[in-house]
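For the protein sequence lines, the chains are B and P, in the order given. So the first sequence is numbered by our numbering: it starts at 54 and just counts up by one. So the second sequence is numbered by our numbering: it starts at 218 and just counts up by one. Have a look at the structure below before the remarks.
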Amino acid sequence: MTATDLSLTKHNADKLFQRKRLIGFGIPAFIFAYLVYIFFAFDISGLAGRANLDNAVTLASDSWSHKVHVTRDNRSGEITYAVEGERKGTYPEGQRPDWVSGDEVITIDLGGDHIVRYLPDNRTEIEIPGFPLIEVQAEGRSLTSNLPADLPDWISASNRRIGITTPEGRITLTGARTEVFNYFPGWELFWFTLDSPYHGQGLGAILFGEQIDPTRSNITGAISDWWNNAMWRHKDVAWAIGETILMAFLGTMGAAIIALPLAFMAAKRFSPVMMLRAATRRVFDFVRGVDALIWTVVLARAFGPGPLTGALAILITDTGTFGKIFSEALENVDQKQIEGVESTGAKPLQRYRFGVIPQVVPVLLAQILYFLESNTRSATIIGAITGGGIGLMLTQAIQTQKDWEEVAYYIVLIVVMVMFMDWFSGWLRGKLIGRKD
Amino acid sequence: MADISLGGAAQSVGSIQSSYMAQVHRRRLYGGLTLLIFVVLMVSGFNVADDRNAGGFWEGLHQISDYPADVLSEAWEKRADLPGLVAKYFPALVETINIAAVSTLIGAIGGLFLSLLGTRGLAKWPRLIPLFRRISDIMRAVPEIVIALVLIFVLGGGPVPAMIAIAIHTAGALGKMFSEVAENADLKPVEGLASTGATWSQRMLLGVLPQVAPNYLSYSLLRFEINIRASAILGFVGAGGLGYELRNAMAWGPGRFDEAAAIFILLFGTIVFFDQVSSRYRNRLTEGQGQ
């Protein structure tokens, strides 16, 4: 090797190194520049201003706790006790929580020496440790109180509305009504609502104890009261999850059934006419490209909201995807097996049945089952748009912006549902075509 | 002598045949039963879905083309406005693509760490492998819409909730696919680097990443395609971008169908374009590996 050769090789090596170094620094620099651009395009610095931390706190605390409202209507003087302030969670006549006492003067013990007294004539006394006794009188639409002018930040007051937030609970007073919110951990009334005779009974008492409701046996009565629980709506939730899975199942399987014959038309080996092949492929590309979102919107116009619309949207989109995957699988079929079947005198249909199908079935099944799992997730989202299934219940619960414990419940259920479908499709795949490893 | 052996052979052929036929019958029976169950499930499932739908399948079937026909005819009448509308909604399209791109980028980085930390032989803390796998399972199982809706409540509308939601799901999904690739990575370079005293990050960066990079890139591109669709859908529930504009255009109803048509065209074109581009590059990446 001469000196010039050597220097040329050296030169080339140097250039290669330079290029690699450029790529090594260039790619991270490009990513960084892009992220900087996004930082401004998405206005991330303004995010802190738009973010509502109160919402976050409400969400975080409400998702694992519940509150009991004690409300005095200042016009009628009537006092109601209700879990989450909902009519369905109202204590029946003559019953009230045990931290409320008194008849003329209603004493509400929030715990930690925080005491609220509802006095006659729409007067209210609030005892908070380390703060002078607060007295409020409601008259017509206005309030008079002995609150000092400079208030701590946990009290907001005007002559129309006073709000007090303590770690033990919240109190709001207006001319029309006085409300106390007492917070407790846990999802109240998850099993039975207050009107059910089984509320407050332990599992042992229901299973082995005396008959609680004379007309029904304990177990059937308890199951029916739980199933028809008006606060948590277990029946509707179960139906909604069923609908979501149904959407995924119908959509995936329907798509597979439609895509299989079409895939034969799109595969070079089985479809000699070029035009037909190209046309089928364009159809696949088109329905895939239109995307589930647009299909949902279009189909919802024709079929109205509901699970069928969602199932059809999944079906149409996935027909395109399956068609593409299936036809690729069919192109890769081994010719030898078909020839072998043909040599026994098999007719074309028999050649497909015994020469082609056994080769592609494992690939197709694996794909179908994979899509079944991923479509369960899509069905949740499509349900939120088209109005069906657990996706709809979740969006409704989020939009009311108060039942965060229900939102948390639905989220847990959705995650469990998707993980179950993941496990189930993996299990079925193992049963049908054997494990990969 | 010959008779006996022939008779024996005939008998055994006969028994083989009958047992084979019995087996075939049993298999056909099982196959038929499975098919029957499947058909029953499909038909009854269809009926349940049809019952619970607001409009019935058969009544709706002939109306499918009504809405697209309305949109198309109105768009055709106002075809002169269409380029203007496409230009008007182009920024929303850019936002949708940006959401998809950033979330794929962040998700891929997250998935990279999850996969390396969750793969036997590569993990920095081998005892925590099950933990990282569960984390990636849960991140994968949460549908984007769940996180997006909650974050819209806290952060307000706009692209950021969608970006975070898609990034979380992407990290989980890619974490699983990446770790399947990483499991097949050759450990010799890693051992070689370890023998020189390389730290964990050096071993991963120099020993593992060069092996898995083509596959990782290919999976990330596939994910990018999926994320464009997801970011359009999340826009529809209030997370900004093209989906949000589509919902508004739809809410206006007839008279503004040309806007809906413009958005449909943009969305369709974008999805097809990125599908084609990414499948070209994915083919190149996987072919390059085969050589």
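Glycine included, C-beta positions come from ideal geometry on N, C-alpha and C.
Interface flag, residue i vs chain B, CB-CB below 7 Å
i: P/Q280; result: yes
i: P/G510; result: For chain P, the structure presents residues 218 to 508; residue 510 of chain P sits outside this window and is missing.
i: P/G272; result: yes
i: P/A358; result: yes
i: P/L253; result: no
i: P/Y436; result: no
i: P/Y284; result: yes
i: P/R499; result: no
i: P/R243; result: no
i: P/D475; result: no
i: P/F441; result: no
i: P/I362; result: yes
i: P/G392; result: no
i: P/I513; result: In the structure displayed, chain P extends from 218 to 508; residue 513 of chain P sits before or after that span and is not available.
i: P/A456; result: no
Cβ separation of residue i and residue j, assumed to be a contact under 8 Å, to the nearest whole Å
i: B/N199; j: B/I187; result: 7 Å
i: B/H119; j: B/F237; result: 6 Å
i: B/F375; j: B/A309; result: 6 Å
i: B/I467; j: B/T433; result: 6 Å
i: P/T321; j: P/N444; result: 5 Å
i: P/G328; j: P/F395; result: 5 Å
i: B/A109; j: P/V371; result: 5 Å
Buried versus exposed call for residue i [16 or more other C-beta atoms within 10 Å across all chains shown]
i: B/G147; result: exposed
i: B/T268; result: exposed
i: B/P360; result: buried
i: P/S229; result: exposed
i: B/P173; result: exposed
i: B/P145; result: exposed
i: B/L106; result: exposed
i: P/A379; result: buried
i: B/H167; result: buried
i: B/G130; result: exposed
i: B/V326; result: exposed
i: P/K393; result: buried
i: P/Y306; result: buried
i: P/S353; result: buried
Min CB distance residue i to chain P below 7 Å
i: B/M327; result: no
i: B/F83; result: no
i: B/R72; result: no
i: B/L466; result: no
i: B/L100; result: yes
i: B/N108; result: yes
i: B/L260; result: no
i: B/A283; result: no
i: B/K489; result: Confidence at B/K489 is low in this model, with a pLDDT of 49, below 50, so its placement is unreliable and the value that follows should be read with caution. No, B/K489 lies away from the interface with chain P (no Cβ there is under 7 Å from its Cβ).
i: B/L383; result: no
i: B/L299; result: yes
i: B/D58; result: no
i: B/T433; result: yes
i: B/L361; result: yes
i: B/A473; result: Sequence check: residue 473 of chain B is Phe here, not Ala. No - not a single Cβ of chain P is within 7 Å of the one on B/F473.
i: B/R103; result: yes
Under 7 Å between C-beta atoms of residue i and residue j
i: B/G307; j: B/L368; result: yes
i: B/V153; j: B/V233; result: no
i: B/G373; j: B/V340; result: yes
i: B/V136; j: B/V158; result: no
i: B/M472; j: P/A390; result: no
i: P/A478; j: P/A292; result: yes
i: P/R499; j: P/S435; result: yes
i: B/V189; j: B/L242; result: no
i: P/L422; j: P/G338; result: no
i: P/E462; j: P/S495; result: no
i: P/I488; j: B/D67; result: no
Original post:
So, do the segment 422-430 of chain P and the segment 348-367 of chain P have three or more beta carbon pairs nearer to each other than 8 Å?
Top reply: no
**OP:** Check whether the segment 295-303 of chain P touches the segment 78-88 of chain B, taking contact to mean three or more Cβ pairs, one atom from each stretch, closer than 8 Å.
**Re:** Flag = no, the segment 295-303 of chain P and the segment 78-88 of chain B do not touch.
Original post:
Pairing CB atoms from the segment 408-422 of chain B with CB atoms from the segment 378-392 of chain B, are three or more of them under 8 Å?
Top reply: Result yes; three or more Cβ-Cβ pairs closer than 8 Å.
Original post:
Do the segment 342-355 of chain P and the segment 408-419 of chain P meet, that is, are 3 or more Cβ pairs less than 8 Å apart?
Top reply: no
Subject >> contact_flag[the segment 394-412 of chain B, the segment 400-411 of chain P] where n(CB pairs < 8 Å) is 3 or more >> reply: no
Original post:
Is there contact between the segment 313-333 of chain P and the segment 443-453 of chain P, where contact requires at least three CB pairs shorter than 8 Å?
Top reply: yes
Original post:
Counting pairs of Cβ atoms below 8 Å between the segment 457-473 of chain P and the segment 267-278 of chain P, do you hit three or more?
Top reply: No: the two stretches stay apart, fewer than three of their Cβ pairs being nearer than 8 Å.
**OP:** Would you be able to state if there are at least three C-beta pairs under 8 Å between the segment 268-277 of chain B and the segment 316-326 of chain B?
**Re:** Counting C-beta pairs closer than 8 Å gives fewer than three between the segment 316-326 of chain B and the segment 268-277 of chain B, which falls short of the contact rule.
Subject >> At least 3 beta-carbon pairs within less than 8 Å: the segment 289-303 of chain B vs the segment 422-433 of chain B >> reply: yes
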